[in-house]
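When you line the sequence shown up against the numbering used here, it's residues 1037 to 1360, in that order. See below for the structure under consideration.
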Amino acid sequence: MRAMRHFSVKLNDGHSMPILGFGTSAPDKVSKSKVEEALERAIDVGYRHIDSAYLYLNEEEIGRAIRKKIANGTVKRDDIFCTSKLWGNFFRPELVQTGLEVSLKKLQLSYVDLFLIHFPVALKPGEEILPKDTDGKLIFDAVDLCTTWEALEKCKEAGLAKSIGVSNFNCKQLEMILNKPGLKYKPVCNQVECHLYLNQSKLLDFCKSKDIVLTAYGVLGSDPEKEWVTKNYPVILEDPVLNVIAEKHQRTAAQVALRYQLQRGLVVLAKSFTEKRIRENFQVFDFQLTPEDMKTLDGLNRNLRYFKDTYFADHPNYPFNDEY
Ligand SMILES: NC(=O)c1ccc[n+]([C@@H]2O[C@H](COP(=O)([O-])OP(=O)(O)OC[C@H]3O[C@@H](n4cnc5c(N)ncnc54)[C@H](OP(=O)(O)O)[C@@H]3O)[C@@H](O)[C@H]2O)c1
1037 MRAMRHFSVK LNDGHSMPIL GFGTSAPDKV SKSKVEEALE RAIDVGYRHI DSAYLYLNEE
1097 EIGRAIRKKI ANGTVKRDDI FCTSKLWGNF FRPELVQTGL EVSLKKLQLS YVDLFLIHFP
1157 VALKPGEEIL PKDTDGKLIF DAVDLCTTWE ALEKCKEAGL AKSIGVSNFN CKQLEMILNK
1217 PGLKYKPVCN QVECHLYLNQ SKLLDFCKSK DIVLTAYGVL GSDPEKEWVT KNYPVILEDP
1277 VLNVIAEKHQ RTAAQVALRY QLQRGLVVLA KSFTEKRIRE NFQVFDFQLT PEDMKTLDGL
1337 NRNLRYFKDT YFADHPNYPF NDEY
C-alpha cells in the first residue's frame, strides 16, 4: 500500500518526504518491545515515515518491525521513509559514517532516507550517550559543525543516506551551514519542537525562505514521563480553545493539533504506542481548518518549550538562548 504517496513534500534535493511521520521515542521505563508492536500497527494503518534515532536505543526493534512488514508484503523498502539521527559522540568527521553505519546495522537497512545531526552539541566520543567527568559534568568535544556537515555530505554521496538535514538548530546555526564555503548540499529539513504553545513562526518563515522543511516534534505536547521533558507544564491537548475547535469539527484535540501544523506547511511527527490513537492521529487528511480557526490557534502561542535540554545549556552551541 503506497498510502502516503499523495501526502508528501518535495525536498530541496529532489527527494520526497511524507508529511506525517511516526514518532518512536518513549520514556525509558517503556519496554523497547512496545515500539516494535506499535510500528507494525502504524505501517498497517498507513504511516510510511518513521522517525528514529541512535539516541532512542530502539533501532533494532524498529528494524525488526520494518523487516516483518516487508517480508509479509505490506510494504516495499522504497515505500518507507526512515530517518535516523547522529548523536554528539559521533560528530568528529572521521566518526560520522561509523555513526550512521551503527544505526543502519541495527535498522537492518542499507540506507536511511534521511540522516540528521540530532542536536548541535558535540560530546566526547564513545559509548556513553551523556559522558560525564568525575564531578558529574558533561564532557563536550570541540568539533566544528561545518566539518560534521561535510561528513554527512559524504554519506549522502556514498548512498548511505538519501537526504541529510539537521535537528534543533536555530537560525544562526542554519545560516552557518548555508554560508559554509564549498557547501554541496543544503540541509533538507530542520526538525524542532513545534506545537500550539511554541509555534516557531520566525524559524518557520526563515526555513521557508531557504527551501528547508520544518519538521515538528512534540506536536501533541509530548509526554511528561520522558526524562528530557519539563514537568508540570500546561497540557496542550486539554487546552479549552483547542477543544472548542475540535468539537466544532467533530474531531479530537490531537487531530486538530496535528492538522494545524500540516496547514502551516510543516511536516509533523506523532508518537503513540496505543492502537486507537495510532489510527486517530492518521485521520488528519480528510478535514480542513478554516482561516479563522488557524488564526485562533495562532493566538495560543506562548513560546513554551517542553524540551529545554538544559544538560547542554552552558555550551556555546546551545541553540535555545536566541529568540529563534
Ligand atoms: N529531534 C529531537 O530532538 C526530538 C525530540 C523529541 C521528539 N522527537 C521525535 O518526535 C516524535 C514525537 O514527539 P514526542 O514523542 O515527544 O511527543 P508527541 O508526539 O507530541 O506526544 C506523544 C504523547 O502523546 C500521547 N498521544 C499520542 N496520540 C494521542 C492522542 N490522539 N490523544 C491523546 N494523547 C496522545 C502519547 O501517548 P501514547 O503513546 O500512550 O498513546 C504520548 O504520551 C518522537 O517520538 C521522536 O520521534 C525528536
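All C-beta atoms in this analysis are idealised placements derived from N, C-alpha and C, irrespective of residue type, glycine included.
Worksheet entry | GLU1186 versus ILE1102 - alpha carbon distance | Locating residue 1186 in the sequence shown gives position 150, counting from the first residue. Locating residue 1102 in the sequence shown gives position 66, counting from the first residue. C-alpha of GLU1186 to C-alpha of ILE1102: approximately 29 angstroms in a straight line.
Item to complete: Closer than 6 angstroms by C-beta to ALA1252: which residues in its own chain qualify, once you throw out the five before and the five after it? Chain order, please.
Response: On the sequence shown, position 216 is the one that residue 1252 refers to. Counting only Cβ-Cβ distances below 6 angstroms, and skipping sequence neighbours, we find CYS1230, GLN1297, LEU1302, VAL1304.
Fill in: Selected residue, minimal CA-CA separation from GLY1059, among GLU1211, ASN1048, LYS1105, PHE1117
As a first step, residue 1059 must be located in the sequence shown, where it is residue number 23. The residue among GLU1211, ASN1048, LYS1105, PHE1117 with its C-alpha nearest the C-alpha of GLY1059 is PHE1117.
Worksheet item: Which term fits LYS1218, buried or exposed, when burial requires 16 or more other beta carbons within 10 angstroms of its beta carbon?
Response: Position 182 of the sequence shown holds residue 1218. Lys is not the amino acid found at residue 1218; the sequence shown has Gly there. In the assembly as shown, GLY1218 is an exposed residue. Its beta-carbon has fewer than 16 other beta-carbons within 10 Å.
Item to complete: Under 6 angstroms Cβ to Cβ from ILE1281, same chain only, skipping five residues before and after it: list those, please.
Response: By one-based count along the sequence shown, residue 1281 stands at place 245. Here the set comprises VAL1292, ASP1329.
Worksheet item: What does DSSP give as the partner residues of ILE1175 in its beta bridges?
Response: For the purposes of this step, residue 1175 is taken as the residue at position 139 of the sequence shown. As computed with DSSP, ILE1175 is found in no beta bridge at all.
Discussion item. Using DSSP's beta-bridge definition, name the partner residues of MET1053.
Written reply: Numbered from its first residue, the sequence shown carries residue 1053 at position 17. MET1053 pairs with VAL1045.
Practice prompt. Consider the C-beta atom of TYR991 and the heavy atoms of ligand 1; say whether any pair is separated by less than 7 angstroms.
Written response: Here the chain comprises residues numbered 1037 to 1360, so residue 991 is not present and cannot be evaluated.
Worksheet item: So, helix, strand or coil for CYS1225, using DSSP?
Response: Taking the first residue of the sequence shown as 1, we reach residue 1225 at position 189. CYS1225: strand per DSSP, three-state reduction.
Worksheet entry | Pairwise C-alpha distance: LEU1239 and THR1346 | Your numbering for residue 1346 matches position 310 in the sequence shown. Your numbering for residue 1239 matches position 203 in the sequence shown. When rounded, the separation of the alpha-carbon atoms in THR1346 and LEU1239 is 21 angstroms.
Fill in: Cβ-based burial, ASN1204 [other Cβ within 10 Å; buried from 16]
Along the sequence shown, read from residue 1 onward, the residue named residue 1204 stands at position 168. By the neighbour-count rule (16 or more Cβ atoms within 10 Å), ASN1204 is buried.
Fill in: For VAL1224 and LYS1244, the rounded distance between their alpha carbons
Position 208 of the sequence shown holds residue 1244. Position 188 of the sequence shown holds residue 1224. Approximately 11 angstroms between the Cα atoms of the pair.
Discussion item. Output needed for THR1332: all residues of its chain with C-beta closer than 7 angstroms, excluding positions within five of it in sequence on either side, in chain order.
Written reply: As a position in the sequence shown, residue 1332 is number 296, starting the count at 1. Spatial neighbours of THR1332 in its own chain (CB-CB distance under 7 angstroms, excluding positions within 5 residues in sequence) are listed in chain order as VAL1277, ILE1281.
Worksheet item: Who pairs with PHE1202 in a beta bridge, going by DSSP?
Response: Position 166 of the sequence shown, counted from the start, is the residue given in the question as residue 1202. In the sequence on display, residue 1202 carries Val and not Phe. Beta-bridge pairing links VAL1202 to ILE1153, ASN1226.
Worksheet item: Among the residues of its own chain, which have a CB less than 6 angstroms from the CB of GLU1095, if the five just before and after it don't count?
Response: The count along the sequence shown starts at 1 and reaches residue 1095 at position 59. Around GLU1095: SER1088, SER1139, LYS1142, LEU1143.
Discussion item. Please list the terminal residues of the continuous alpha helix (DSSP H) segment that includes SER1245.
Written reply: Translated into the one-based positions of the sequence shown, residue 1245 becomes position 209. 1237-1245 is the extent of the alpha helix (DSSP H) around SER1245.
Item to complete: Return yes when at least one heavy atom of ligand 1 lies under 7 angstroms from the C-beta of GLY1257, else no.
Response: Your numbering for residue 1257 matches position 221 in the sequence shown. True, at least one ligand heavy atom lies under 7 angstroms from that Cβ.
Discussion item. By the three-class DSSP mapping on this structure, what secondary structure does SER1088 have?
Written reply: As a working note, residue 1088 is residue 52 in the sequence shown. The DSSP-derived three-state label of SER1088 is coil.
Worksheet entry | Which of helix, strand or coil DSSP assigns to LEU1305 | Your numbering for residue 1305 matches position 269 in the sequence shown. For LEU1305, the secondary structure class from DSSP, reduced to helix, strand or coil, is strand.
Worksheet item: Under a Cβ-count criterion, where at least 16 other Cβ atoms within 10 Å of its own Cβ denotes burial, should SER1199 be classed as buried or exposed?
Response: One-based indexing of the sequence shown puts residue 1199 at position 163. It is buried - the Cβ of SER1199 has at least 16 other Cβ atoms within 10 Å.
Discussion item. Strictly by DSSP, which residues pair up with ALA1252?
Written reply: Numbered from its first residue, the sequence shown carries residue 1252 at position 216. Answer by DSSP bridge pairing, in chain order: VAL1228, VAL1304.
Fill in: LYS1001 versus ASP1322 - alpha carbon distance
Outside the shown range of the chain (1037 to 1360) lies residue 1001, about which nothing can therefore be said.
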